[in-house]
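Residue numbering for the sequence shown follows our numbering, beginning at 533 and increasing consecutively. Note that beta-carbon positions come from the ideal geometry of N, C-alpha and C, so glycine has one too. A quick write-up on the structure given underneath.
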Amino acid sequence: MNTQQRAMEGDLSRIVAISRKEKDAVTRNDKVDDTLNGYKELFKGNDDKAIQARKNNYTHMVNTFYDLATDFYEFGWGQSFHFATRHKYESFEASIARHEMYMAHQLGLFPGMKVIDIGCGVGGPMRTIARFSGANVVGLNNNEYQIQRGKRLNENAGLSHLCSFIKADFMHVPVEDNTYDCAYQIEATCHAPDLVGLYKEVFRIVKPGGLFGGYEWIMTNKFNPEDPVEVNIKKQIELGNGLPDLVKPAEIINAAKAAGFEVITAFDVAETSELPWYLPLSSGISVTGFLHTGVGRYLTGKFTQLLELVKLAPAGSYNTNVWLQNAATYLVQGGDKQIFSPMFFLLCRKPSTD
């Protein structure tokens, strides 16, 4: 068996594993379709009332989204649920790791520091940053399935001594004031119902003089809210990714300042990328990269449909995969039109008490 065959066999075994989650996970019961339909109900409208309803129900909305999406994300993307800038001749995996290490470098992390990862997913970035810097990283997450998965991955990586988790709502972190040397988030706070409120909570838990860095999802300044095509792209990105409302760069910067932070730098990292950040969703040159492409996602969907047919996956798994494929399509459209970016970089400092 050659290398590509072994890789493909491993990838197929991972998608079979999607249907074998813990019994308390949403996709191990017979309610996947009901869960998905209930989630979609939150996105029936896009007026102020509908947006407020999503904000009011954000905890349920985001948890439902990740209950449905986590295994599909890990299968098709890896343990780091985010995008990255890409250099020519650079692999997808290398670009993801570099994107994370750039964050660690900007924060100036070193061994012994205590850092919090806001909205850490299954901990892919946390493990990369802990390895790179030697800092102790605490992952904040409100999704129990992701935490349990992340703990196993930490153990498998031999990083349990540097990486740990807190289960909590990132709007209400159960720690004392001035607990962490630094904080960061990678494409996570776009789920927040109140960005100023979230930034204030991060401000509270970071020590005076400490840094907070983040990659935010934004609608760029090229986005035209009067263009129905662009408005639909925005709406579909929100639906496909569990978001209450995407905003423009100025609102991100103003929210950080309103929370008390000094903004050091703020810019769209996507503008520095030699290759489009959405390239993994639209083309691939490896077995793993192939899974990100339209054809790869189509074949994944057909395989999921087969598993569902023979009762190895619960009813609704195929529909979940179709929903996520649709989300990928609109991310590519938003990126291609340059009206959406998942990597508006913000670096802030909590003023020193001196």
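Compare the beta carbon distance of residue i and residue j with 9 Å and say whether it is the shorter of the two.
i: Q717; j: V654; result: no
i: R881; j: I785; result: no
i: D713; j: V647; result: yes
i: D759; j: I737; result: no
i: F613; j: E719; result: yes
i: Q680; j: G745; result: no
Can you pull the DSSP bridge partners for residue i?
i: D649; result: G671, Y716
i: R618; result: L807
i: M751; result: F872
i: A798; result: L878
i: I698; result: L672
i: V738; result: Y712
i: L743; result: C714, R881
If you count every other CB in all the chains shown that lies within 10 Å of the CB of residue i, and 16 or more means buried, which is it?
i: L636; result: The amino acid occupying residue 636 in the given sequence is Ala; Leu does not appear at that position. With 16 or more Cβ atoms within 10 Å of its Cβ, A636 is classed as buried.
i: E806; result: exposed
i: D649; result: buried
i: P740; result: exposed
i: L753; result: Checking the sequence, you will find Asn at residue 753 rather than Leu. So N753 counts as exposed.
i: E632; result: buried
i: G640; result: exposed
i: S884; result: exposed
i: N688; result: exposed
i: F755; result: buried
i: T617; result: buried
Out of the options, state which residue places its alpha-carbon closest to the alpha-carbon of residue i.
i: G644; options: A667, S696, G656, F624; result: A667
i: L811; options: A662, P657, D759, K620; result: K620
i: G772; options: E758, C722, F755; result: C722
i: E625; options: P874, M875, E783, G656; result: G656
i: A798; options: Y862, E748, L691, E606; result: E748
i: P781; options: R684, A720, D800; result: D800
i: C695; options: E770, T660, E719, L775; result: T660
For a cutoff of 9 Å on Cβ pairs, would you count residue i as touching chain D?
i: H693; result: Reference to chain D is not applicable here, since this structure consists of a single protein chain.
Heavy atom of the ligand HEM less than 8 Å from the Cβ of residue i, yes or no?
i: N773; result: Although the ligand HEM was asked about, the structure shown includes no ligands whatsoever.
> With contact counted as at least three CB pairs below 8 Å, one residue from each stretch, are the stretch 732 to 741 and the stretch 856 to 874 in contact?
Replying inline: By the criterion of at least three beta-carbon pairs nearer than 8 Å, the stretch 732 to 741 is not in contact with the stretch 856 to 874.
> Are the stretch 695 to 706 and the stretch 664 to 679 touching, with three or more C-beta to C-beta distances below 8 Å?
Replying inline: Yes, the stretch 695 to 706 touches the stretch 664 to 679.
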